[in-house]
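*Asks:* Have a look at this one.
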Amino acid sequence: MEYALRVDRPEAVPDGPEISDDPEWAGTLPGGRWAALYFGAEFCEQALPGPREAEELCRAALARGLEPVLLTPVVTAGGLRVVEDLLRTLEARGLRPAVVFNDWGVFRLLRRRFPGHPARAGRLFNRGLRDPRASPGASRGTGSARLRRFLAREGVGALETDVDLGGEYLGHRGDGLGRAVHLPFAFVTSGRNCLLKGEALGRGELSRCLGAPCPRPCRGGPRRVVRGDTPRTLWRAGNTVFQRVSPAGARTYLARADRVVIHPRPMP
């Protein structure tokens with residue numbers, strides 16, 4: 308098994324991390340080696356790193372013998388330009404990280420202008436149910452096989468996901484796609500509105516904050532969310548709510564994955 312570490316800033320890159328020091332997961336995660344360092348943003352274009360920070364993270368990964376992997380979210384037209392400028396700057400500095408795309412516009416950008424960057428399909432393409440109030444097996448998608456065939460045909464290197472309630476999204480190996488599962492946090496819901504940004508800007512109505520520059524309060528760490536309709540502990544990180552999955556819930560995905568992306572905490 309390959310392992311990757313998700314970080315959100317250069318100073319968060321450890322020199323020699325343990326694959327898992329969590330006793331809950333000690334008997335579940337198979338043996339393996341560190342292979343990649345993930346950075347960027349999966350859920351919010353305003354959380355994407357600037358060129359300098361992205362370069363530092365790429366070089367930190369390469370210095371440790373790891374593949375740098377840039378996470379990108381669903382984007383607006385402006386966000387697509389940000390991604391394009393970021394990749395162009397990195398290429399000019401001799402850096403070609405793999406790119407996880409969650410937006411077809413980013414995928415098209417990679418194919419047309421940045422074919423030297425390995426492409427990986429992000430976990431937002433998995434539309435499976437993750438509602439903590441539902442039971443496992445409540446959602447079994449029917450379109451994932453067609454998606455896998457399309458991605459393999461288009462030269463995408465890997466398919467990424469977190470743990471949903473269906474368990475079938477990754478399918479079985481043999482189609483040329485790598486498979487990665489993100490642990491131990493799965494996103495429950497995400498959207499354009501960000502309560503943390505609204506609170507940080509203090510402008511009253513949330514709609515007034517949408518176009519304003521973001522001070523990125525999510526970097527201060529996630530906040531616990533308490534709901535009366537579920538006993539599960541939830542966390543809000545920026546514009547996204549996460550839950551922690553159990554080792555038992557992850558076993559199906561671990562059996563089908565060749566890479567595990569470890570998240571020390573929820574990050575957008």
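Residues 308 to 575 (this note's numbering) make up the sequence shown, in order. The beta-carbon is built from N, C-alpha and C at its ideal position, and this holds for glycine as well. Treat the numbers as computed from the prediction; the structure is a model and nothing was measured.
Out of Leu490, Phe408, His424, which has the shortest C-alpha to C-alpha gap to Val552?
*Replies:* Leu490
*Asks:* Keeping to the same chain, check which residues put their C-beta closer than 6 Å to that of Asp315; ignore five residues upstream and five downstream.
*Replies:* Hits under 6 Å: Met574.
*Asks:* CA-CA distance, Ala428 and Asn409?
*Replies:* 6 Å
*Asks:* If you draw a straight line from the alpha carbon of Tyr560 to that of Phe494, how long is it in whole angstroms?
*Replies:* 16 Å
*Asks:* In chain order, what are the residue ranges of uninterrupted beta strand (DSSP E) at least 3 long that sit wholly in the stretch 520-552?
*Replies:* 530-532, 541-544, 547-551
*Asks:* Give me the Cα-Cα distance between Arg460 and Asp482, rounded to the nearest whole angstrom.
*Replies:* Taking the Cα positions, Arg460 is about 9 Å away from Asp482.
*Asks:* Is the stretch 337-345 touching the stretch 367-379 in the sense that three or more CB pairs, one from each, lie closer than 8 Å?
*Replies:* Short answer: they touch.
*Asks:* How close, in whole Å, do the beta carbons of Pro358 and Thr396 come, if the pair is a contact with beta carbons under 8 Å?
*Replies:* 4 Å
*Asks:* Can you give the Cα-Cα distance for Arg566 and Ala452, rounded to whole angstroms?
*Replies:* 20 Å
*Asks:* Among Leu393, Gly339, Tyr310, Phe432, whose alpha-carbon lies nearest the alpha-carbon of Gly347?
*Replies:* Leu393
*Asks:* Just to confirm the assignment, what range does the beta strand (DSSP E) spanning Tyr345 have?
*Replies:* That run of the beta strand (DSSP E) goes 340-347.
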